[in-house]
Amino acid sequence: MGTIRLLGPPAIERDGRPVRAPRGRKAWVLLAYVLLADRPPSRQRLAELFFADAEDPLGALRWTLAELRRALGRSDVLTGDPVARGALPDDAVDVRRLTDELGDPAPLLAAGHELLEGVHVASCPEAESWLAVERHRVSALVESRLRQTAVALLAGGRAADAVPYAARAVELNPLEEGNHELLVRSLAMAGDRTAALRQVAAGRDVLMRELGVEASVALTEAASAASDSPRTPALSGRAAALSQLDAGRAAIVAGAVDPGIQSLRRAVAEAARCRDPQLQARTLTALGGALVHAVRGRDEEGALVLHEALRFAAAAGDRATAVTANRELGYVEVQAGRRSAAQGWLSRAQELAETDAELAAILGVRGQNASDEGDYPASFTYLTDSIERARTAGDDRQEAWSLSILARAHLLRDERHQAAVAADRSLRIVHEQRWLAFLPWPQALRAEVHLRNGEVAAAADAFEQSWVLGCQVGDPCWEGFAARGLGLVSAGRGDRLAAAEWLTEATVRCNRTTDRYHWMQGHVLDTAIGAALDRGDDDLARPLVASLGTLAARDGMRELVVRAQLHRHRLGDGGALATARVLAADVDNPALTDLIDDPDRPKVTR
31 MGTIRLLGPP
41 AIERDGRPVR
51 APRGRKAWVL
61 LAYVLLADRP
71 PSRQRLAELF
81 FADAEDPLGA
91 LRWTLAELRR
101 ALGRSDVLTG
111 DPVARGALPD
121 DAVDVRRLTD
131 ELGDPAPLLA
141 AGHELLEGVH
151 VASCPEAESW
161 LAVERHRVSA
171 LVESRLRQTA
181 VALLAGGRAA
191 DAVPYAARAV
201 ELNPLEEGNH
211 ELLVRSLAMA
221 GDRTAALRQV
231 AAGRDVLMRE
241 LGVEASVALT
251 EAASAASDSP
261 RTPALSGRAA
271 ALSQLDAGRA
281 AIVAGAVDPG
291 IQSLRRAVAE
301 AARCRDPQLQ
311 ARTLTALGGA
321 LVHAVRGRDE
331 EGALVLHEAL
341 RFAAAAGDRA
351 TAVTANRELG
361 YVEVQAGRRS
371 AAQGWLSRAQ
381 ELAETDAELA
391 AILGVRGQNA
401 SDEGDYPASF
411 TYLTDSIERA
421 RTAGDDRQEA
431 WSLSILARAH
441 LLRDERHQAA
451 VAADRSLRIV
461 HEQRWLAFLP
471 WPQALRAEVH
481 LRNGEVAAAA
491 DAFEQSWVLG
501 CQVGDPCWEG
511 FAARGLGLVS
521 AGRGDRLAAA
531 EWLTEATVRC
541 NRTTDRYHWM
551 QGHVLDTAIG
561 AALDRGDDDL
571 ARPLVASLGT
581 LAARDGMREL
591 VVRAQLHRHR
601 LGDGGALATA
611 RVLAADVDNP
621 ALTDLIDDPD
631 RPKVTR
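Set out below in structure tokens:
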């Protein structure tokens with residue numbers, strides 16, 4: 031078997047030489063659809079997607095599948111109902127080779143073309159929409175793997191080798207500040223500070239010119255990363271390292287983030303002096319986790335530190351620390367919407383995990399990731415298991431966290447009673463634990479249940495409390511979600527001007543750091559678009575819809591992809607509703623089904 035090239039102009043090669051291509055552009059899109067699908071599609075669905083205008087749609091499908099088998103030189107592929115790939119290996123398809131994290135990363139440096147470049151099927155609007163979404167998704171997968179490769183090389187002390195991968199990620203997506211930061215850090219740690227500073231300037235320029243935003247301080251500070259170690263000087267021995275580790279953890283739990291981070295940096299430096307791999311793994315994991323969770327805008331540095339931690343954990347045979355580092359790296363990828371990378375890290379963490387406490391934390395993040403994707407059955411399974419294991423392990427904070435994500439999933443499906451039960455349980459634990467830094471989140475979830483039940487005063491009060499505390503904590507997610515809620519309250523009261531102001535504030539707040547939570551960004555965008563369309567402001571809604579569609583497609587957020595299509599329908603796109611129905615087939619959400627059945631009703635209170 032040769033190679034099926036789907037990136038760039040499509041081609042089929044055997045022994046390095048192209049063979050006669052299948053006839054018709056539909057054949058290429060059909061081939062890509064089957065090869066890249068999560069599960070084999072039925073013949074009926076393929077016939078409706080590609081040949082609805084034919085006299086005999088199933089007959090046209092049979093002919094096209096036969097044409098593809100001829101071009102592939104295989105009679106045992108693309109057969110059956112549903113249509114399966116058969117014995118076709120993954121490594122025969124260039125897209126799957128490039129996105130395989132265990133494969134050779136070198137071909138990534140030449141992967142610049144889009145999926146099925148130059149191929150369009152305007153006569154099949156639903157298939158054309160699928161292709162547009164898939165192009166964004168595949169581009170994001172390639173970018174994600176470039177980033178993973180660069181970070182792994184950096185953590186392994188090979189900064190110069192990391193530079194071309196980081197540079198390629200910037201080329202593919204220059205509007206992501208994290209890509210610029212990764213390249214700056216790679217250049218600096220390779221000893222080329224002049225090039226690093228030039229890249230800082232280039233990153234600042236493109237972000238201001240294209241997005242109108244200032245680059246964060248993390249981008250500038252990345253240019254100061256030393257080639258040996260970015261940490262503070264060492265102190266005096268193993269006891270000092272353990273003392274600083276304990277002090278740092280305690281300070282962060284108490285909300286004293288900056289002193290806590292400094293203590294953890296000193297712990298890392300002292301552990302390095304001791305040359306104790308296990309101690310280095312533990313201190314690096316603590317610092318990486320703190321950078322990811324406690325300091326906004328530091329996920330890039332946190333991920334690099336966690337990669338270093340894994341290296342030392344492997345050397346020390348420290349299973350428990352490896353579990354934590356893998357889980358935290360998975361969490362970083364979930365926040366950034368890089369689904370494939372997230373699943374890889376979380377799967378490795380789960381394979382290593384042994385205790386209920388470890389599994390509870392991992393399953394909670396897997397539940398969050400599945401919910402973000404729109405895979406609610408998987409999300410409920412993961413989260414229910416996480417909650418039970420957290421309760422068994424006596425990990426109250428983990429139980430509260432997983433309950434909040436469960437409440438969110440039920441709320442997205444408009445299952446108000448279940449959402450209220452989960453949110454109330456989460457709130458009770460949070461109050462008992464005095465976990466003020468987390469309180470705004472379940473508080474806002476409970477407020478939205480109040481609002482959907484028509485309890486506007488209770489909703490307004492809870493959203494206001496969430497907003498004030500979220501601002502005090504300084505968490506952009508909590509601020510964005512609470513501001514969105516206050517926009518919904520204003521809309522429910524008929525105050526469209528206030529609703530527009532709050533929703534604008536929400537979009538600003540949830541985007542004010544580089545390591546923003548992409549699902550939150552999309553969720554707020556969806557609400558802002560609905561509000562704009564409800565008040566007839568199509569000019570505002572149109573660019574927001576484009577942004578939502580791109581974001582959702584790149585990040586594999588299937589439900590938000592469908593919602594973007596529903597907004598396009600309201601803007602007058604004649605084929606968008608049919609496309610939404612096709613794309614929603616794999617999303618088990620009755621609330622989404624209701625939207626599709628009645629797409630023109632006002633959205634902001636639904």
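Residues in the sequence shown are numbered from 31 upward in steps of one, following our numbering.
In this text, a Cβ means the ideal position worked out from N, Cα and C, and glycines have one as well.
What you are looking at is a predicted structure, and each value in this text was computed from that prediction instead of being measured.
Looking at the DSSP output, Leu145 bridges to Leu37. By the Cβ-count criterion, Asn356 is buried, with 16 or more other Cβ atoms from all chains shown falling within 10 Å of its own Cβ. Within the same chain, Ala606, Leu607, Pro629 come within 6 Å of His599 by CB-CB distance, once the 5 residues on both sides are set aside. Per DSSP, reduced to three states, the secondary structure at Pro632 is coil, with no helix or strand assignment. The bridge partners DSSP lists for Val123 are Ile34. Judged by their CB atoms, Leu574 and Ala561 are not nearer to each other than the 8 Å cut-off. In the three-state reduction of the DSSP assignment, Pro135 falls in the coil class, being assigned neither a helical nor a strand state.
In this structure, the CA atom of Ala114 is about 7 Å from the CA atom of Val107. Unbroken alpha helix (DSSP H) runs of no fewer than 4 residues, entirely contained in the stretch 384 to 453, are found at 386 to 403, 406 to 423, 426 to 442, following chain order.
Between Lys56 and Thr109 a beta carbon distance of about 19 Å is seen, past the 8 Å cut, so the two are scored as non-contacting. Per DSSP, reduced to three states, the secondary structure at Thr543 is coil, with no helix or strand assignment. Membership of Met238 in the alpha helix (DSSP H) is indicated by the continuous run 223 to 241.
In this structure the stretch 541 to 554 touches the stretch 364 to 376; the number of beta carbon pairs closer than 8 Å is three or more. Annotation for Cys154: Phe80 place their beta carbon closer than 6 Å to its own, counting only its chain and skipping 5 residues before and after. The beta-carbon distance between His440 and Gln428, rounded to whole angstroms, is 19 Å. This is too long to meet the 8 Å contact definition. The beta-carbon distance between Ser456 and Pro472, rounded to whole angstroms, is 4 Å. This is short enough to meet the 8 Å contact definition. Residue environment: Glu381 is assigned as exposed (fewer than 16 neighbouring CB atoms within 10 Å of its CB, all protein chains considered). Around the Cβ of Arg396, a 10 Å sphere holds 16 or more other Cβ atoms; the residue is buried.
Counting only runs of at least 4 residues, the stretch 593 to 618 fully encloses the following alpha helix (DSSP H) elements, listed from N- to C-terminal order: 606 to 613. The DSSP assignment places 526 to 539, 548 to 564 as complete runs of the alpha helix (DSSP H) inside the stretch 511 to 573, in order along the chain (cut-off: 4 residues).
When DSSP reads this structure, Arg44 sits in a beta bridge with Arg47. Annotated three-state conformation of Ala114 is strand, per DSSP.
Counting every other CB atom within 10 Å of its CB across the protein chains shown gives Arg631 a total below 16, marking it as exposed. For Thr129, the three-state secondary structure derived from DSSP is coil.
Counting the other Cβ atoms within 10 Å of the Cβ of Met587 gives 16 or more, which makes it buried. The C-alpha of Asp191 is placed about 22 Å away from the C-alpha of Thr250. Within the model, the alpha-carbon separation for Leu475 versus Gly285 is close to 23 Å. The secondary-structure analysis by DSSP pairs Thr109 across a beta bridge with Ala114. About 6 Å separates the beta carbon of Leu294 from that of Ala320, a gap short enough to meet the 8 Å contact definition. Of the candidates Ala408, Arg44, Glu331, the residue whose Cα lies closest to the Cα of Ala122 is Arg44. Contact holds between the stretch 193 to 206 and the stretch 166 to 173, because three or more Cβ pairs, one in each stretch, are under 8 Å apart. Of the candidates Gln398, Asp288, Gly404, Asp402, Gln398 places its Cα closest to the Cα of Thr414. Asp329 and Leu213 have their C-alpha atoms roughly 14 Å apart.
Under the three-state reduction of DSSP output, Pro71 falls in the coil class, being neither helix nor strand. Around the C-beta of Gln551, 16 or more other C-beta atoms lie within 10 Å, and the residue is accordingly described as buried. With a 10 Å radius around the Cβ and a threshold of 16 neighbouring Cβ atoms, Val498 comes out exposed.
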